[in-house]
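Input: a single structure, listed below in structure tokens.
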Ligand SMILES: [Zn+2]
Ligand SMILES: [Zn+2]
């Protein structure tokens, strides 16, 4: 199986004691490519994922300000994001979006920082990685109301998608890919599994969001990229395909979305 984990927080302190082994286990499990999310603890450090990507050829990076940290985004931060977007291993801007569950930053500030980063994505031609929690309608409204021409409209990934069929259709209609993670394997996630069934082949992605949200049978433990295979197996089951087919198509989707060469 040739897997891609499209969303992992490898910089997290929960990996400090054994990061090398975690990465080795990912490779041994067939995870050939990882996208490290670079939001870290928020500004001023914007390079937590870039540092990892500089060390390992198969790790790629995002840059961005998480909605939790929106209050820390002083104007200089946006200048630096724009510069960092030119780094050859930076594939996307993210995770960006809105989180009304925790409200760690005021909602109005979250919306402004999200919009500013949508602009950076449009200016640099990068896809975006969206984090949205209890803020679905505002997220969709901001994504569809950018006023940008179609060729510069936002495109990217709804990361850790946990919505139902209706929300899946809204995101798909906007041209987004859906990133499915460990929640897909949870017993109560029937509405999400229905959303996964109706997602077209060419919009499917898999992720761990590690160290969070470990799939069954690792649920409750620290998550790691090697576990992405559990989500792939579940998706294969739901869609009447083999895990190898799901692994290949999610890898190809990731490559196409992020402008990487398509692997054989
Ligand atoms: Zn997130
Ligand atoms: Zn994340």
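In this note's numbering, the protein residues as written are 67 to 330.
Beta carbons: idealized from backbone N, C-alpha and C, even for Gly.
May I have the straight-line CA-CA distance separating residue i from residue j, to the nearest angstrom?
| i | j | result |
| --- | --- | --- |
| residue 257 | residue 234 | 10 Å |
| residue 139 | residue 102 | 21 Å |
| residue 85 | residue 292 | 12 Å |
| residue 127 | residue 298 | 22 Å |
| residue 182 | residue 144 | 8 Å |
| residue 321 | residue 221 | 14 Å |
| residue 120 | residue 114 | 10 Å |
| residue 308 | residue 175 | 44 Å |
| residue 261 | residue 148 | 34 Å |
| residue 206 | residue 197 | 12 Å |
| residue 216 | residue 188 | 11 Å |
| residue 80 | residue 274 | 15 Å |
| residue 318 | residue 193 | 15 Å |
| residue 134 | residue 160 | 12 Å |
| residue 231 | residue 263 | 9 Å |
| residue 266 | residue 239 | 11 Å |
| residue 155 | residue 191 | 14 Å |
| residue 287 | residue 279 | 8 Å |
| residue 313 | residue 254 | 24 Å |
| residue 218 | residue 311 | 32 Å |
| residue 17 | residue 272 | This structure does not reach residue 17, given that the chain is present from 67 up to 330, and the question cannot be answered. |
| residue 68 | residue 268 | 17 Å |
| residue 92 | residue 186 | 32 Å |
| residue 112 | residue 327 | 26 Å |
| residue 213 | residue 179 | 17 Å |
Tell me which residues share the same chain as residue i and place their Cβ nearer than 6 Å to its Cβ, disregarding the 5 neighbours each side in the sequence.
| i | result |
| --- | --- |
| residue 199 | 165, 167 |
| residue 284 | 293 |
| residue 99 | 70, 124 |
| residue 171 | 136, 137 |
| residue 290 | 88, 276 |
| residue 204 | 164 |
| residue 300 | 250, 251 |
How far does the beta strand (DSSP E) with residue i in it reach, from first residue to last?
| i | result |
| --- | --- |
| residue 99 | 97-102 |
| residue 212 | That residue, residue 212, is in no beta strand (DSSP E); it is neither H nor E in DSSP. |
| residue 127 | 125-129 |
| residue 90 | Unbroken run through residue 90 is the alpha helix (DSSP H), 85-94; no beta strand (DSSP E). |
| residue 199 | 194-199 |
| residue 165 | 156-165 |
| residue 274 | Note, residue 274: premise wrong, no beta strand (DSSP E); not H, not E. |
| residue 135 | Unbroken run through residue 135: none, as it is neither H nor E. |
| residue 223 | 222-224 |
| residue 71 | 69-74 |
Kindly give me the distance between the Cβ atoms of residue i and residue j, rounded to whole angstroms, as I take these residues to be in contact under 8 Å.
| i | j | result |
| --- | --- | --- |
| residue 245 | residue 223 | 5 Å |
| residue 208 | residue 177 | 7 Å |
| residue 97 | residue 71 | 5 Å |
| residue 150 | residue 129 | 5 Å |
| residue 163 | residue 202 | Going by Cβ atoms, the distance from residue 163 to residue 202 rounds to 10 Å, so no, they are not a contact pair. |
| residue 106 | residue 142 | Actually they do not touch by this definition, with Cβ atoms about 17 Å apart. |
| residue 295 | residue 94 | That belief does not hold up - the Cβ atoms of residue 295 and residue 94 are roughly 11 Å apart, past 8 Å. |
| residue 131 | residue 109 | 6 Å |
| residue 282 | residue 242 | So it is not a contact: roughly 26 Å between Cβ atoms. |
| residue 270 | residue 323 | With a Cβ gap of about 11 Å, residue 270 and residue 323 do not count as contacting. |
Got a sec? Which residues, its chain only, sit under 7 Å from residue i by beta carbon, not counting five neighbours each side?
| i | result |
| --- | --- |
| residue 259 | 250, 304 |
Mind checking which residues open and close the alpha helix (DSSP H) that includes residue i?
| i | result |
| --- | --- |
| residue 323 | 309-324 |
| residue 144 | 141-150 |
| residue 249 | Residue 249 -> no alpha helix (DSSP H), and no H or E assigned at all. |
| residue 297 | 294-305 |
| residue 264 | 256-264 |
| residue 219 | Where residue 219 is concerned, there is no enclosing alpha helix (DSSP H), given that its DSSP letter is neither H nor E. |
| residue 240 | No alpha helix (DSSP H) holds residue 240; DSSP gives it neither H nor E. |
| residue 190 | 173-190 |
| residue 116 | 114-121 |
Grab me the residues of residue i's own chain with a C-beta within less than 8 Å of its C-beta, minus the 5 sequence neighbours each way, in chain order.
| i | result |
| --- | --- |
| residue 237 | 206, 224, 227, 229, 244 |
| residue 116 | 104, 127, 129, 150, 153, 155, 156 |
| residue 210 | 240 |
Is residue i near ligand 4, judged by its Cβ being under 8 Å from some heavy atom?
| i | result |
| --- | --- |
| residue 75 | Looking at this structure, you won't find ligand 4 anywhere; what it does contain is ligand 1 and ligand 2. |
Who sits around ligand 1, taking every residue whose Cβ is closer than 6 Å to one of its heavy atoms?
-> Going by the Cβ distance cut-off, the answer is 161, 197, 225, 226.
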